[in-house]
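**Student:**
Structure (structure tokens):
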């Protein structure tokens, strides 16, 4: 890897208008501009406020259970026969995924801004659950928008959200998945802009969301740095994370962007195979465009209409991706690859059987690629896979694929 | 002087208000759009806002979302929409046409290619819902160069400083969104609109058109009284949805809806 990013370059991004190179920005209707500018101003102040940071850190420790372990997957390493495989256990967080790091941060922001009503979009339901959880804790009204198709395939998470007191709105428009949930969340926000805080679940959307979600998720990469030094005495040689919108990946990558010897791999959903067109891999097979408030790589047709996506995992089933990933791709700092549904399912089974860790189907994409990559590497090298979420929510999907009724 | 500016100036001299209907191009079928545009003009339209369908119309309510879906089922592209304007111009070189939509179809076509084709076809203005002036640095000059008016939105949440900045980037007219919400919602508060539009008038000399929530002659007159023009969208699109099967019936229904608004607006002048 040859791209050297200096501290100076990194601290200048995003720029004052929320741009990462040609990507990012703020492409929304006028009604939302004032809220976004206020949010940006407040966040930039709070970011440097020791009181806010202390509260965030305390919540991450005592409520989420951080730091999450960096675990040496000894048997998986042996079976793979290549680099040492380590797992960053975000699946052990409260609510079972990395999503809660961000919802804790944004809910704190919402409270500081005095907003009492929270909305969120969700795909797999992990972000919805993480949002409903922090709302229950803080006594905030919570509305979660979820594509009708996802409501069906992630019924367990829908019920969890309801138990937590959230209202789940099934979105019937468009393709009835994550992108449509985000459309409806934006529509709700524009209609209740005075009292509502929109907790976006990924590093996409209008500025400042890609910035603040990245900051909140960066705890993942910071911990990996420290833990790797403690446990292995060196930084990892490669990091692997799945990429839908890309929040767990950016959280893992960001603290390593300046370390040119650490290779970064983002794994997109290859669905039935890139060549079939039935996938959700905009970085691998899309082109730049504008959707949901930012310019980024998108899956679209030749007329600029957003294309339908396919992935076995609802959380990766999204036609866009965070703008910082688009930038990292263009400058060559991170590699973006894809893994098919079937490869991901193999990854799921392998991690379950070999390490006794059941990953989410989203995460299983990173596992599948991580194992493949590790096999090509030397035994003295170190590869870390971000286990972004646990697989309990996907048991029904897996059983169904196996033809088993539970 | 652009066609929009000319129409707005003439209306002002007559102390009349602009009636600006919106329909989605290609809804219910690409073959009838030009015919419907002429119908709107005959029923009293001063300017037509022609919607460019988009798969993810985030600022729109269900009525216009469904119109986009109906149109896209026929594969309506931005190029085709521009072609419709070209066709419309064969019979009407007076009525300004504003293309209204989202940025991505334009980005996919290429801004320069789009601006060239639109100007060539006789498009007069472009309103891109998800393009605030801050992001328009590369795009707006391409429009200005070809005498295409860049029309931007103002909202109830827009602070004064932005109103001035946005007005500076705009030409033709500015579009004031009457309430915080999506198109087709019925929550317009005329007193609030009056206050805000009067305030906007203090900050810019551009005409102010008001859209969102105008559904009949009564609301048109009430909003017309306090602005320079009214934009009527969802109620027309809903009429299209309910009369898809029979184009003649549809044209009658659109006329029955729009004509009373024209009369109500014109009665304000007397």
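Chains as they are written, first to last, in the working numbering: chain A, 9 to 414; chain B, 777 to 1046. Ideal Cβ positions, reconstructed from N, Cα and C, are used throughout, including at glycine. Remember, predicted model here, so these are calculated numbers, not experimental data.
#1: If you count every other CB in all the chains shown that lies within 10 Å of the CB of residue 779/B, and 16 or more means buried, which is it?
#2: Tell me the residue span of the beta strand (DSSP E) that contains residue 202/A.
#3: Could you spell out where the alpha helix (DSSP H) holding residue 43/A opens and where it closes?
#4: Looking at C-alpha atoms only, which residue of 852/B, 879/B, 802/B, 928/B is the closest neighbour of residue 982/B?
#5: Quick check: the segment 87-98 of chain A against the segment 151-162 of chain A, are there 3 or more CB pairs under 8 Å?
#6: Please confirm whether residue 968/B has its beta-carbon closer than 8 Å to some beta-carbon of chain A.
#7: Give me the chain A residues within the contact set of residue 953/B, using Cβ-Cβ distance strictly less than 8 Å, ordered along the chain.
#8: For residue 27/A, which residues does DSSP report across the bridge?
#9: Does the separation of the CB atoms of residue 111/A and residue 207/A fall below 8 Å?
#10: Can residue 115/A and residue 68/A be called in contact, C-beta distance under 8 Å?
#11: Spatial neighbours of residue 205/A within its chain, please: CB distance less than 6 Å, with the 5 preceding and 5 following residues excluded, ordered by chain position.
#12: At a CB-CB cut-off below 9 Å, which residues of chain A make contact with residue 934/B?
#13: Which word fits residue 76/A, buried or exposed, when buried means at least 16 other C-beta atoms lie within 10 angstroms of its C-beta?
#14: Hey, residue 876/B and residue 826/B: beta-carbon distance below 8 Å or not?
#15: Please check if any C-beta of chain B sits within less than 8 Å of the C-beta of residue 25/A.
#16: Going along chain A in order, which residues have a C-beta closer than 9 Å to the C-beta of residue 956/B?
#17: Along chain B, which residues have their Cβ under 7 Å away from the Cβ of residue 194/A?
#18: Give me the DSSP bridge partner(s) of residue 346/A.
#19: Would you be able to state if there are at least three C-beta pairs under 8 Å between the segment 218-225 of chain A and the segment 172-179 of chain A?
#20: Count the other CB atoms, across all protein chains shown, that sit within 10 Å of the CB of residue 5/A; report buried if there are 16 or more and exposed otherwise.
#21: With residue 175/A as the anchor, note down where its beta strand (DSSP E) starts and where it stops.
#22: Could you give the DSSP three-state label for residue 20/A: helix, strand or coil?
#23: Starting from the C-beta of residue 173/A, find all residues in its chain whose C-beta is less than 8 Å away, skip the five residues before and the five after it, and write them out in chain order.
#24: Please check if any C-beta of chain B sits within less than 8 Å of the C-beta of residue 9/A.
#25: Using the C-alpha atoms, what's the distance from residue 365/A back to residue 84/A?
#26: Please name the residue in 881/B, 932/B, 1007/B, 976/B whose C-alpha comes closest to that of residue 960/B.
#27: Who pairs with residue 150/A in a beta bridge, going by DSSP?
#28: At a CB distance below 8 Å, what residues from the segment 884-915 of chain B approach chain A? Give them in sequence order.
#29: For the segment 924-987 of chain B, list the alpha helix (DSSP H) runs that are entirely contained and at least 4 residues long, ordered along the chain.
#30: Count the other C-beta atoms from every protein chain shown that fall within 10 angstroms of the C-beta of residue 1045/B, then say buried if there are 16 or more, exposed otherwise.
#31: Does the segment 224-239 of chain A come within contact of the segment 345-357 of chain A, defined as at least 3 CB pairs closer than 8 Å?
#32: Kindly say whether residue 163/A, judged by its beta-carbon, lies nearer than 8 Å to any beta-carbon of chain B.
#33: Closer than 8 Å is the cut-off here; do at least three beta carbon pairs connect the segment 286-305 of chain A with the segment 846-854 of chain B?
#34: Checking 8 Å against the spacing of the C-beta atoms, do residue 1039/B and residue 998/B come in under that value?
#35: Excluding the five sequence neighbours on either side, which residues of its own chain have a C-beta within less than 8 Å of the C-beta of residue 288/A, listed in chain order?
#36: Taking a Cβ distance cut-off of 7 Å, strictly less, list which residues of the segment 841-862 of chain B are near chain A, in chain order.
**Tutor:** Considering the structure as presented:
#1: buried
#2: Neither: residue 202/A is in no beta strand (DSSP E) and is coded neither H nor E.
#3: 38-55
#4: 928/B
#5: no
#6: no
#7: 37, 38, 39
#8: 32/A
#9: yes
#10: no
#11: 118, 123, 126
#12: 38, 39, 41, 42
#13: buried
#14: yes
#15: yes
#16: 39, 198, 199, 200, 201, 202
#17: 834
#18: 276/A
#19: no
#20: Here chain A covers residues 9 to 414 and nothing more, so residue 5/A does not appear.
#21: 175-179
#22: coil
#23: 140, 143, 144, 150
#24: Summary for residue 9/A: the model assigns pLDDT 46, below 50, so the residue's position carries little reliability; its value from the coordinates is reported in the next sentence. Judged by the 8 Å Cβ criterion, residue 9/A is not in contact with chain B.
#25: 11 Å
#26: 1007/B
#27: 126/A
#28: 884, 885, 905, 906, 907, 908, 910, 911
#29: 936-945, 966-979
#30: exposed
#31: no
#32: no
#33: no
#34: no
#35: 252, 276, 277, 279, 307, 317, 318, 319, 324, 325, 326, 327
#36: 841, 848, 853, 854
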